[in-house]
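> The structure under discussion is supplied below as C-alpha cells; questions concerning it will follow.
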Amino acid sequence: MAINVTQAMAATLAGATARVEVSVTPRFQPGDRVRMRNLNPPSHTRLPRYIKGKVGVIERDHGVFVYPDTHAAGQGEKPQHVYVVRFTGKELWGPQGGANDELLVDVWDDYMDPAS
Amino acid sequence: MNGVHDLGGMHGFGSIVVEKDEPVFHHEWERRVFGMFLPVFATGAFNIDEFRHAIERMGPDYLQTSYYEHWLAAFETLLEEKGMISAGEFSARRARIAGENA
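Residue numbers (this note's numbering), protein chains in the order written: chain A, 2 to 117; chain B, 4 to 105.
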C-alpha cells in the first residue's frame, strides 16, 4: 500500500494500537489470583522472564489485543484479553524485594492460569 | 525467547541516565531512521511483533548499540528476510557509502 505525506504525519503522531475490536469472553476478573506459566519458546514472547511461575492478582482488564507470540511467527492474531497483574516485590525478588514494592505488568491471557 | 531483549531484573547495567532537556534525537541519522519506520512498515512486509522479534534476535550486539541502531538492524534483517532487498544490495550500498566518505 502507498501512503502520502499527510497520512504518514497523521500515523506518526497518532501511533497505532494492537487493540482488536472483537468480543472475547475474559477468563479472569479483577481480584482473581493467577500464576504465570513457565513458557520458554525460542520464538517471540512478551512474557517477561522475571514473572514466570510467579503468582499475582488481576488488577484490571485492558480489553482484547493481538497476541504477540503467534503474530510474530506469522500464525495469526489470536485476539485475547490483556490484564494488568499486580505482583509484590517479595514474590518477584524474594528476600531482596522491598516490603512495600509492587509491580504492575500487562499480561496476555495465554501467559497465565488460575492460582489456587 | 529468553533473549538479550528481556532485561528486567538484571543487574550490572548501572543507573538509568536521565538527561535534562533531552533532545528528541541525539543525531541526525536517528531522525532519518525514525522517519524510515512508517514507509517501511507501510509496505506490509512485516508486523510490529516481527519487528520486535528482529531486534531481540540481534544477540550480543543489542547491548552495545543504541535504540535507533536496534531499529536499523531490524529493518535490515526483515527487508532481507522478506526478500525486498538482497544481501548483495546491502553490501554494495555500504561499499558505495564507504567510498563516498573515504
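No residue lacks a Cβ here, since even glycine has one placed at the ideal position from N, Cα and C.
With the cut-off set at 8 Å, would you say Met4/B and His45/A are in Cβ contact?
For the purposes of this step, residue 4/B is taken as the residue at position 1 of the second sequence. For the purposes of this step, residue 45/A is taken as the residue at position 44 of the first sequence. In contact: Met4/B and His45/A (Cβ atoms closer than 8 Å).
> Is the CB of Pro115/A under 8 Å away from at least one CB in chain B?
Residue numbering aside, residue 115/A sits at position 114 when the first sequence is read from its first letter. Chain B, which has no Cβ nearer than 8 Å to the Cβ of Pro115/A, makes this no.
> Looking only at its own chain, which residues have a Cβ that is under 8 Å from the Cβ of Asp64/B, when we skip the five neighbours before and after it?
As a first step, residue 64/B is located in the second sequence; it is residue number 61 there, counting from the start. Correct list, in chain order: Ala76.
> Taking Arg55/B as the query, report the chain A residues whose CB atoms sit under 9 Å from its CB, ordered along the chain.
Locating residue 55/B in the second sequence gives position 52, counting from the first residue. Chain A residues near Arg55/B: His45, Arg47, Pro69 and Ala73.
> Using the beta-carbon of each residue, which ones in chain A are nearer than 8 Å to Leu41/B?
Taking the second sequence and counting its residues from 1, the one referred to as residue 41/B is at position 38. Those are Ile4, Ala9, Ala12 and Thr13, listed as they occur along chain A.
> Can you grab the Cα-Cα spacing for the pair Ala9/A / Leu81/B, in whole Å?
The count along the first sequence starts at 1 and reaches residue 9/A at position 8. The count along the second sequence starts at 1 and reaches residue 81/B at position 78. Distance between the alpha carbons of Ala9/A and Leu81/B is about 21 Å.
> Closest Cβ-Cβ distance between Asn41/A and chain B: below 8 Å?
Residue mapping note: residue 41/A aligns to position 40 of the first sequence, counting from 1. It does; some Cβ of chain B falls within 8 Å.
> Whole angstroms is fine: what's the gap from Leu40/A's alpha carbon to Thr46/B's?
Within the first sequence, numbered from 1, the residue matching residue 40/A stands at position 39. Within the second sequence, numbered from 1, the residue matching residue 46/B stands at position 43. Rounded to the nearest angstrom, the two C-alpha atoms are 32 Å apart.
> Would Tyr51/A count as contacting chain B if we go by Cβ distances under 8 Å?
Along the first sequence, read from residue 1 onward, the residue named residue 51/A stands at position 50. Cβ-Cβ to chain B under 8 Å: yes for Tyr51/A.
> Assign Glu31/B to one of three DSSP states: helix, strand, or coil.
Here residue 31/B is taken as the residue at index 28 of the second sequence, counted from 1. DSSP places Glu31/B in helix when its eight states are reduced to three.
> Can you tell me the Cα-Cα spacing of Val36/B and Val108/A, whole angstroms?
Here residue 36/B is taken as the residue at index 33 of the second sequence, counted from 1. Here residue 108/A is taken as the residue at index 107 of the first sequence, counted from 1. Near 30 Å, if we compare the C-alpha coordinates of Val108/A and Val36/B.
> For the structure I just gave you, are there three or more beta carbon pairs, one from the stretch 78-95 of chain A and one from the stretch 55-63 of chain A, closer than 8 Å?
Yes, the stretch 78-95 of chain A is in contact with the stretch 55-63 of chain A.
> Going straight from the alpha carbon of Gly32/A to that of Ile52/A, what length do you get?
On the first sequence, position 31 is the one that residue 32/A refers to. On the first sequence, position 51 is the one that residue 52/A refers to. Cα to Cα, Gly32/A sits roughly 18 Å from Ile52/A.
> Kindly indicate if chain B contains any beta-carbon less than 8 Å away from that of Ala100/A.
Residue numbering aside, residue 100/A sits at position 99 when the first sequence is read from its first letter. It does not: the Cβ of Ala100/A has no partner Cβ on chain B nearer than 8 Å.
> Measuring CB to CB, does Ala73/A end up less than 8 Å from Asp9/B?
Along the first sequence, one-based indexing puts residue 73/A at 72. Along the second sequence, one-based indexing puts residue 9/B at 6. Contact: no.
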